[in-house]
Amino acid sequence: MFNGTGSYWIGGDDYYSGPWTLFLTSDILGQELSICDTSPNLGLAGFQRRINNIAVSITNELRTGKNTSELVSGEVWKTQQYFQVQLYWLSVPGLLYIITTVLLFTTISGTISQNVPIWKSSPLVLLRCMDRGNDMSYLNEVEEKARKTGVELKYSGENWYLQNLTE
504 MFNGTGSYWI
514 GGDDYYSGPW
524 TLFLTSDILG
534 QELSICDTSP
544 NLGLAGFQRR
554 INNIAVSITN
564 ELRTGKNTSE
574 LVSGEVWKTQ
584 QYFQVQLYWL
594 SVPGLLYIIT
604 TVLLFTTISG
614 TISQNVPIWK
624 SSPLVLLRCM
634 DRGNDMSYLN
644 EVEEKARKTG
654 VELKYSGENW
664 YLQNLTE
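Numbering (my numbering), first residue to last: 504 to 670.
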């Protein structure tokens, strides 16, 4: 479509063959061919501007044409964003999550069903660990003793300690 040749003579006649050669030459090289014009509107920018003008002109002509009942065949495309997710890389973290969850619930159910000593499962044991009379038997006994126990947090001047009030 844009094929053509041209002959340029300084101070002479210029010859063009091809329907677009004259217009593209002036868009790319400038009006005066014998002078090297460094305008930013020439070169590729000039060619792009010419193509945009052609596209706008064709579009306007099609929209305002007199014979609007005539069908025009062609191809239409639209730029559309899409993404593709490959979920295979989630298999290892997913499997790790499933195994960890199964292990957690297995441990919880095993601890509940067995008679685990309270010193492994209750924070009350930490409060009674220094008591010489502590027998550390069952959780319900420790909880009952904790309900009957009164303590007060005291400061001795150097450090803080719990003082038993139920002796």
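Backbone N, C-alpha and C define an ideal beta-carbon position, used for all residues, glycine too.
Model, not experiment: these values are computed from the prediction.
- Tyr664 is bridged by DSSP to Lys657.
- Gly521 sits in coil when the DSSP states are folded into three classes, being neither helix nor strand.
- Under the three-state reduction of DSSP, Ser510 is assigned to strand.
- By the neighbour-count criterion, in which 16 or more other beta carbons inside 10 Å mark a residue as buried, Gly613 falls on the exposed side.
- Counting the other CB atoms within 10 Å of its CB gives Val559 a total below 16, which places it among the exposed residues.
- One Cα belongs to Gly660, the other to Glu646, and the distance between them is close to 32 Å.
- The beta carbon of Asn555 sits closer than 7 Å to none of the beta carbons in its chain outside the five residues before and after it.
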